[in-house]
Amino acid sequence: MNSLVFNTTASELSAGVYGYNQNTSTLQQLQLNSDGELLIAAAAAMAVTVTNTTLTVGGNVTVSNPVTIANTSLTVGGTVTVGNSITIANASLVVAGDVTVSNPITIANTSLTVGGTVTVGNSITIANASLV
């Protein structure tokens, strides 16, 4: 559906942007967060692999499924909460906030910088890594 509306009062002008939801086969209006940025929520019901990329996350990260990170530069602006296993190899990771670990983590050939505190509640295996 296309609509064209003419309005001579600038303060009353607005626009809506919609995206197609493949699960429901409907259009849904895109939403913004409190900073006016596009709100993106990702849910993964399976293991996640991040490889050969540069990734920046402005908010917090919660790991609830297994994650493998390889040959990647990852920056997290918030906190990281680990609720499942993580394998990190040949990567550069920067976390501005705190890190809470409740499941096993394997770190190899990796540079890891954490700006906050690290709370460890399970095993961490570290090999050939630089930790700050």
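Going left to right, the sequence shown walks through residues 29 to 160 as the numbering used here numbers them.
C-beta atoms are modelled at their ideal positions from N, C-alpha and C, and glycine is treated no differently.
Query, Result
"Would DSSP call residue 43 helix, strand or coil?", "coil"
"Which residues in the same chain as residue 87 place their Cβ atom closer than 7 Å to its Cβ, once the five residues preceding and following it in sequence are excluded?", "105 and 106"
"Report the rounded CA-to-CA distance for residue 160 versus residue 78, giving the unit in angstroms.", "22 Å"
"What residue does the beta strand (DSSP E) around residue 108 start on, and which one ends it?", "108-110"
"Can you tell me whether residue 140 is buried or exposed? The criterion is at least 16 other CB atoms within 10 Å of its CB, across all chains shown.", "buried"
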